[in-house]
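Enquirer: Once you've had a glance at the structure underneath, I'll fire off some questions.
Numbering (the working numbering), first residue to last: 24 to 479.
Listed below in structure tokens is the structure:
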């Protein structure tokens, strides 16, 4: 990830890279050059604060520029970011911070700061708390991000570059904790090599991302592997411009303003969009209702024909449907420039997929988990099979075990669980294949279907 930010900083340094919404509704923007310099300043500051190579730094907060700048700054100092959900209770946060052995922790607001302060006692490893904003804290352990960057002035560029030069592809780049629904959270160790595979694979499956200016809205929690896969792994590969949305309830407004070219949503979000759109369509009467119904039927039939033949379908009726109805629906959603729509993290119904196909927005269902560095398979562009989770990404192998479990093998499978060797041993079989816990089948064209959970 660092090498890609540096690359774009050198080749397109004055072009916009990341954006935050100001309180007055305007955008605060960092160019690629500014982005890289900010990352370097944070990296220097952390080195000056005493961060050692391989140490974990916990980070919690809403999606914003400073969040990813801190993440990459930690990597620049050869540390390992350990993201936390903002919804964690103090005792949950304490467990992860302790497991990660984070002497340095980072947060964005007063709520998260007070959680850190409440757990920074006894056997807690916390020594320094970095706040992205100046929260006026008098606690001697608290230092603002601005002050941290200033402290980094004592570290030379050569010192930082020396750290960067020693990074190896199989080094841990990110420590993402699983939800812990069946026990204590486990810190999955994602490597630079695994992240690189995901970035290249997504660009290979969706080549249009390399041909035009890519824009995305980052709104899912950055401590979630899927959001990292979209914003950082794939986004940095294609020099994607990212707009950070700190409030999920505002996502519709962001889409209308940003007009993203790639958009990832969990099924629940797609279903909410569908329900709202169906409600709007139901309000139409007379000729408008008939026209909308005809247009959606025409578009869906064309989509199904494209899937069956593997060739683009262009006809007078489809073009007319698009001009009169479909284009207006997509523009109202802010998705009129969308090239790639993705769904993941949970199964999505075929009826929802067909609904979006009927308004000219084919959604590609993908499959993955934290342990696969976000993604493992996806519906290929132009040839989806609805009801399946697509084909393995380039570089990923899949097979079905004798008991029906889906097994995966590739460099994007995590290195293991942090400080949990027994759990790591359970994750892989003797030949290096990773257990997914999902039951499924692979058809003759290589498409994977999930039929259930092994534990069920």
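By construction, the Cβ of each residue, glycine as well, lies at the ideal position given by its N, Cα and C atoms.
Keep in mind the model is a prediction, meaning the values are calculated, not measured.
Looking at the secondary structure, which residues open and close the alpha helix (DSSP H) in which residue 301 lies?
Expert: Run containing residue 301: 290 to 306, per the alpha helix (DSSP H) assignment.
Enquirer: Keeping to the same chain, check which residues put their C-beta closer than 7 Å to that of residue 66; ignore five residues upstream and five downstream.
Expert: The residues are 96, 99, 100 and 183.
Enquirer: What residue ranges within the stretch 243 to 276 form continuous beta strand (DSSP E) runs of no fewer than 3 residues, ordered along the chain?
Expert: Listed in chain order, they are 264 to 267.
Enquirer: Exposed or buried, which one is residue 394 when buried takes at least 16 other CB atoms within 10 Å?
Expert: Buried, by the Cβ-count rule.
Enquirer: Give me the Cα-Cα distance between residue 325 and residue 316, rounded to the nearest whole angstrom.
Expert: C-alpha separation (whole angstroms): 14 Å.
Enquirer: State the Cα-Cα distance for the pair residue 261 and residue 300, rounded to the nearest angstrom.
Expert: Going by the C-alpha atoms only, they are around 31 Å apart.
Enquirer: Checking the sheet assignment: what are the DSSP bridge partners for residue 432?
Expert: Answer is 420.
Enquirer: Have a look at residue 161 and residue 68 and give me their C-alpha separation to the nearest angstrom.
Expert: Each residue's alpha carbon lies about 20 Å from the other.
Enquirer: Measure the beta-carbon distance from residue 149 to residue 136 and round it to whole angstroms, keeping in mind my assumption that it falls under 8 Å.
Expert: In fact, because the Cβ distance is near 12 Å, the residues do not count as touching under 8 Å.
Enquirer: Quick check on this structure: which residue in 120, 133 and 464 has the alpha carbon closest to the alpha carbon of residue 142?
Expert: Among 120, 133 and 464, the Cα nearest to that of residue 142 is on 120.
Enquirer: Just tell me which of 242, 358, 77 and 454 has its CA closest to the CA of residue 380.
Expert: Of the candidates 242, 358, 77 and 454, the one whose C-alpha sits nearest the C-alpha of residue 380 is 358.
Enquirer: Could you pull the DSSP bridge partners for residue 389 from this structure?
Expert: Partner(s): 401.
Enquirer: I'd like the list of long-range same chain contacts for residue 474, defined as Cβ closer than 6 Å, with 5 residues on each side in sequence excluded.
Expert: Cβ within range, chain order: 462 and 463.
Enquirer: Can you give me the C-alpha to C-alpha distance between residue 77 and residue 166, rounded to a whole angstrom?
Expert: Going from the Cα of residue 77 to the Cα of residue 166 covers about 22 Å.
Enquirer: Check each candidate in 405, 72 and 399 and name the one with the smallest Cα separation from residue 328.
Expert: The candidate whose alpha carbon is nearest that of residue 328 is 405.
Enquirer: At the level of alpha carbons, what is the spacing between residue 208 and residue 248?
Expert: For residue 208 and residue 248, the distance between alpha carbons rounds to 14 Å.
Enquirer: Would residue 28 and residue 55 qualify as a contact pair, given that the criterion is a beta-carbon distance under 9 Å?
Expert: Yes, Cβ-Cβ distance for residue 28 and residue 55 is below 9 Å.
Enquirer: Could you check what DSSP says for residue 443 in three-state terms: helix, strand or coil?
Expert: Three-state DSSP puts residue 443 in coil, outside helix and strand.
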